[in-house]
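Going down the list, the sequences are from chains A and B. Residue 504 in this note's numbering is what sits at position 496 of the first sequence, and the numbering runs on without skipping anything. Residue 40 in this note's numbering is what sits at position 32 of the second sequence, and the numbering runs on without skipping anything. Don't be surprised by glycine CBs; every beta carbon is placed ideally from N, CA and C.
There are 2 protein chains.
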Amino acid sequence: MTGLYWLDGAVPETPKPSSSPDPWAETSIVGKPTPRIDAYERVSGSAVYPLDVSLPDMLHAAILRCPHPHAKIKKIDPTVAAKMPGVRAILTPASPGADIPWFRRRGTPTTKILDEHCRYEGDEVAAVAGETAQQARDAIRAIRVEYEELAFVLTPEEALKPGAPVLHEGGNRVADPSIYERGDLKKGLAEADITVARTYSTACEIHTPMEVHGSVAKWDGNRLTIWDTTQGVFAVQQAVAGSLRLPMANVRVIGHYMGGGFGSKLEAGKYTIIAALLAKMTARPVKLFLTREEVFLATGNRPANTMRVTIGAKKDGTLTAIEFVSTGSGGAYPAGADTSFLATDLYTCPNVRTEDSNVFTNAGRARPFRAPGFPQCAWAFEQAMDELAVKIGMDPVELRVKNVPKISQRRGNQPYTTTGLARCLEQGAKAFGWEKAKAASKSEGPIKKGSGMAAALWGYAGGPPSTVIVKLFSDGSVNINMGAADIGTGTKTFMAMIVSEELGVPLERVQIEHADTGTTQFSAPSGGSKTVPSDGPAARAAALEVKKNLIALAAEELKVPAEDLTLAGSEIISTKDPARKIAVTAVPGLQRQQVLTGIGFRGPNPEGRAVSPFAAHFAEVEVNVRTGEVTLTRFVAAQESGRVMNRLTYDNQVFGGIVMGLGLARTEERVMDRHTGKMVNVNWHDYKIPTALDVPVDQTVVAIDPKDAECNTTGAKGLGEPATIATAAAIANAVFDATGVRVFNSPMTPAKMIQLLSEQRKKG
Amino acid sequence: MTGLYWLDGAVPETPKPSSSPDPWAETSIVGKPTPRIDAYERVSGSAVYPLDVSLPDMLHAAILRCPHPHAKIKKIDPTVAAKMPGVRAILTPASPGADIPWFRRRGTPTTKILDEHCRYEGDEVAAVAGETAQQARDAIRAIRVEYEELAFVLTPEEALKPGAPVLHEGGNRVADPSIYERGDLKKGLAEADITVARTYSTACEIHTPMEVHGSVAKWDGNRLTIWDTTQGVFAVQQAVAGSLRLPMANVRVIGHYMGGGFGSKLEAGKYTIIAALLAKMTARPVKLFLTREEVFLATGNRPANTMRVTIGAKKDGTLTAIEFVSTGSGGAYPAGADTSFLATDLYTCPNVRTEDSNVFTNAGRARPFRAPGFPQCAWAFEQAMDELAVKIGMDPVELRVKNVPKISQRRGNQPYTTTGLARCLEQGAKAFGWEKAKAASKSEGPIKKGSGMAAALWGYAGGPPSTVIVKLFSDGSVNINMGAADIGTGTKTFMAMIVSEELGVPLERVQIEHADTGTTQFSAPSGGSKTVPSDGPAARAAALEVKKNLIALAAEELKVPAEDLTLAGSEIISTKDPARKIAVTAVPGLQRQQVLTGIGFRGPNPEGRAVSPFAAHFAEVEVNVRTGEVTLTRFVAAQESGRVMNRLTYDNQVFGGIVMGLGLARTEERVMDRHTGKMVNVNWHDYKIPTALDVPVDQTVVAIDPKDAECNTTGAKGLGEPATIATAAAIANAVFDATGVRVFNSPMTPAKMIQLLSEQRKKG
């Protein structure tokens, strides 16, 4: 018996739907490794990011933030600042507009743009617009503020204690715990032969995108234009229009290039509104960009989660019960997400109960962060699965294959359009050389080697609404108009590839207008791995509309029925008589109309079907038991996200996901000073994100590319989040394999590892 | 018998078509006097005209122009200029790109962007980009050019003489004479009881828009963005892409605000290409705007025309024959138009022959100018009609009513959708008090009073293609996306009114994106009075599409058939049960889709129908026979342009047309120095356009607003050109009425009037 014996013939096949939509059977450009169409602009520096926007007469603004974790402003005196050179306007809580409500809880606003009640170190207190950024920053330091300092809480445990300081009316729970149940948990646990029950935690991570957050605001009469570094211009438009009580049409938000968001730029920031208010006060454009320190303090984070996992299973590995109880540290104004989804739907299990709580703390706010909730859940749940496999004495890959779902129990027992999990496990294990790796030597002096793996699913796969417009010019070149931001993931490139695929136009003759509420079509924010599956089908529909109209015009000229004609590159040819053909640019109707315009809408997701991307990650680590250092030496990520749209950006996305997961596992942690309530590591020196030196040279992406996807008309399901969910858990499982040590609490810093290894030695 | 007896019951009615389209039966905003929606921006100075565009690192450019009417460049030496402060690039005829072909004649290029053969004073010789406009202008003066001066011709007569200097290969005729014939001219002349045969001429007029011509060019890799002061961004895009051999998609032309063009900004200028070439050479944005002097010299003109008119008629006024022979002074690179159309189609006449010639001269080029050809033709033809009326002894209004056409003989005898000419004549005469005026005293010392009139038609009324997109946001506000430039005529305002009419959205909640080849939909250049009739129906179609989709979503929610629902302001209401209703913003489908997008296309013009706007102008003048000064004291313009879209901008358009016609009649004339071949009056001091003091306080616009127009789905036919065609002729006829003097050659300057009056006295 050789190879992965348990997989032989065991891969579940998804039943084919009766009425199949039509993703391409063959493609000539979609799927091929294709460099970004805006590579020149990005590399040459000619790309205009919002930070590069420079308008005539533009002022620069800065924000004064509360230095205390919890305080009330007793008095604020801007008179000295107001007289400083270059100062043109000062916004304090008493200024018109500063009382605009912000952050709703159960529908009720809980704070204002500038609030006398400051709930964390970083809460906005005042702002200044000046002729230069330096003058504005100097001036905010000259604003005299008298604070009444208040007692503070930094952890959910503290916050939920009776008598704890309260951040918002109604107590420190953000909401009632969110509960999900199916089957009978007690019965499931009773049926189990083996049970694992553990508590895990993940540290609070900061998004820290390369580009700081900010906006440029400019008024023209009652129309406001905002250049914003954002993942979703339409979301920013809605927030700004709502806040300033403007018609949405009067708020134009432009977000052309942006330097990373990871969820921290899904919506308008207070800085956006402040820039708009200062621009109104001064009747001049205002640029307001945060400092790196402000980004660390005040633009969001992946909350720290504490998760209790209980899994029950039969001796043969069949899961009988899952319980998952999680508490998240929401910060002062959380917009977090539940963490339990993955635990409820990654494997087949009849009896499941989960409970999610979210608690206010006097710290920066929780906010969606690449696969919100999922990496935390995977950290806990996939480590517990690993422990279960050990307890049963079963290979962890085999255990997972045994429980691969064919349907989504979480989503009404709907069958999946494609369930690539088994293939991810199989092909990932093959690529990694799983059996060989597990059998290999674990030790070389103080360096212990080990291999581990973990699996993942992502709960969402896009959907309507999305609208795209394609314009075919009379010379056969093409303009695409779409609302989506390209947040660094190559959105512009794959949209151009889709249109190129349909119209046969080379990419260098395709231009894109995007991410502008004034001039482009609607798209939801680029987040949740939804850009490909939501906007791709709309682009394809628009291109098909243009193609249909072009062929109709050619049919008129060739006097051939349109259904006999096909567009082949730059020509339209009769399928019945290839001699009858006409160049696209020679079609008189195109020259007459000058521009053929097609509009495409994203249709609904397939009814009665669940759509999810899947992944299995395989890690090889070396642990230096003397220094506690964990090194990731090899990594295989097997991803099933439906069709691969662009093999180059696909791999890039997965590499990025691995690096981010590595950060969660090894280094990233917001450190709060328990005595002052202030964040200690508000910079890239003290807050460690992985660098090129931390990343294994040997990274492999296995792309499972099912051709029969019925998820949407492109066949692609989204890749951004599923690429990072399982990474940290796979690394932790590899560390266990190397050392026998379970790292329950992320990150596995050398100090923590030394402590765990020493405890193990004591036990041992 | 009182009143306009000849009109009683005589107004021809247009037969109603069997399948009527549906212009609005009633309107709530369309037609009402409505201030421009961009009035604040225009008045406050916040509107960004291309001249206001200021980009980081932008250079400024200037053009060196040939000082001679005809010359060859023997040598050009930029070395001194190249060393001057701030100079960054110099373009000479030897530079790459300077040899791009420009101006085609019979399909063959006849010149280059910078041509060693200079054919008029103003031809482009070199260009400089510098850090400031002043440095660029200083530098062009330092470029040493050695010219070989050539003999030149300034008039068609000179140019057609044997042995005359030749501008382009193939001789000085731009093309073979353009001839139109119907019936038998000789027979018609033989049948005539009375014949008038005269030669008229009009002077060359310069467009002189308030805003000078120019462009800002910026490259991003292989994509070029141009901010251009233009009437048609798509036309500029096509010319620039063709010249620079770029895909059209790679050329983004933006033309948001512009300060008048009148035809001189219908296409790209050499300055546009030069700005792009200099920007490429320097890898920096380049702004290139002409000086006022350059605008006078080099941006086009209404050519001087010499026109021989022969009209034959029966005693009862029935026209039997029309001959019209016209020669135009095209300049060095003419893009003129024939002048004879009006003479062939304004009145019913069986026997017509016209001949149009266009001749090269060593002067600035002819170019379309508000109603190209028509005011010249009206100047000649409508004065001849006046003389005919005198000869017959018939009232000139009566003579015209007698010959009002029901069909367009020029356009295949197609019936008109509406023929408002008779109503223009009738209602204009009533409003003017025609009979009373004609009977009134003509003399008061040296001041002679008189009244005159003339009629007009315009030969075009828009048509496809035009595409407009309307986006309805979830708060019920609206964005309109259209390609048309608003050349000062209120295009944005009437488009917003159309959409407001259909969707019930107040104008202050409508915003417009326009005139941008990158982000907006196709529209032909704003010229030929085609913007309302071409783009209006597309806007209406887009709004109707949104409305249909919105009602469908409301029907889903209200569980009522969509056909029972109507959109009434901000609510959708059941016509059968008014209690069943829902606010637009409460429609769940709208909130779900967030933006409802509708696309609208301009449909074809009605088959077998001619569409033309008509006008009749009535002028009262005072002529001071001592000073030769002609004063326009009163004016009535009766216009039939189909539906009145906005009564405020309608009247503005007509007032502007009258003022421009007054310029043609009284003051405007390019003066060339016969000895040097140079233009003498290259400024607003010496080239006289009418000012507020020249315009009569008593101007009345009579708007004939037929409700049954089948021309297109708005019912509007276009107003810009028909408002200026008849003006000058009406004034000339009034001058004859006052003095008995016929002014055959425009303009009627005091010096010319003194001469004519003195000749008359000699004869008398």
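Residue i, buried or exposed, once every other Cβ within 10 Å from all chains shown has been counted against 16
i	result
B/Ile262	buried
B/Ala523	buried
A/Ala392	buried
B/Gly320	buried
B/Met315	buried
A/Ala388	buried
B/Asn489	buried
Spatially closest choice to residue i from the options, by CA coordinates
i	options	result
A/Pro674	A/Glu213, A/Ala97, A/Gly94 and A/Phe160	The sequence given here places Arg at residue 674 of chain A; Pro does not occur at that position. When only C-alpha atoms are compared, the closest one is A/Glu213.
B/Ala622	B/Val662, B/Met668, B/Asp346 and B/Pro758	Looking at the sequence provided, one finds Phe at residue 622 of chain B rather than Ala. B/Phe622 has its Cα closest to that of B/Val662, out of B/Val662, B/Met668, B/Asp346 and B/Pro758.
A/Ala239	A/Asn230, A/Ser272 and A/Lys450	Sequence inspection shows Gln at residue 239 of chain A; the Ala mentioned does not correspond to that position. For A/Gln239, the nearest C-alpha among the options comes from A/Ser272.
A/Ala447	A/Glu628, A/Leu575, A/Pro104 and A/Val679	A/Glu628
A/His693	A/Asp706, A/Lys567 and A/Val679	A/Val679
A/Ala736	A/Phe626, A/Val398, A/Thr427 and A/Leu407	A/Phe626
A/Pro293	A/Asp228, A/Leu305 and A/Gly250	A/Asp228
A/Leu604	A/Asn487, A/Ser537, A/Leu670 and A/Ser542	A/Asn487
A/Arg96	A/Ser36, A/Lys120, A/Pro185 and A/Ala291	A/Ala291
A/Tyr265	A/Ile520, A/Pro31, A/Ala321 and A/Val398	A/Ile520
A/Ser251	A/Ala106, A/Thr639 and A/Ser459	A/Ala106
A/Thr657	A/Pro31, A/Thr42 and A/His683	A/Thr42
A/Thr369	A/Phe349, A/Phe752, A/Gln384 and A/Gly344	A/Gly344
Where residue i meets chain A, residues with beta-carbon distance less than 9 Å
i	result
B/Arg517	Pro255, Met256, Ala257 and Asn258
B/Thr527	Asn487, Asn489, Glu521, Asp524, Gly526, Thr527 and Thr528
Cβ of residue i within 8 Å of any chain B Cβ
i	result
A/Gln239	no
A/Ser223	no
Per-residue contacts from residue i into chain A (C-beta, under 8 Å)
i	result
B/Gln601	Pro472, Pro473 and Phe530
B/Phe242	Gln602 and Val603
Chain-ordered neighbours of residue i on chain B, where CB pairs are closer than 7 Å
i	result
A/Phe481	Met256 and Ala257
A/Ser62	Pro64
A/Asp228	Glu49 and Ser54
A/Ala249	Asp483
Interface flag, residue i vs chain A, CB-CB below 8 Å
i	result
B/Phe297	no
B/Pro380	no
Cross-chain neighbours of residue i in chain B, by beta carbon under 8 Å
i	result
A/Arg231	Gln519
Looking at chain B, which residues of the segment 603–624 of chain A have a Cβ within less than 7 Å of any of its Cβ atoms? Val603, Thr605 and Ile607
Could you name the residues of the segment 32–50 of chain A whose beta carbon sits closer than 8 Å to any beta carbon of chain B, in the order they occur along the chain? Tyr48 and Glu49
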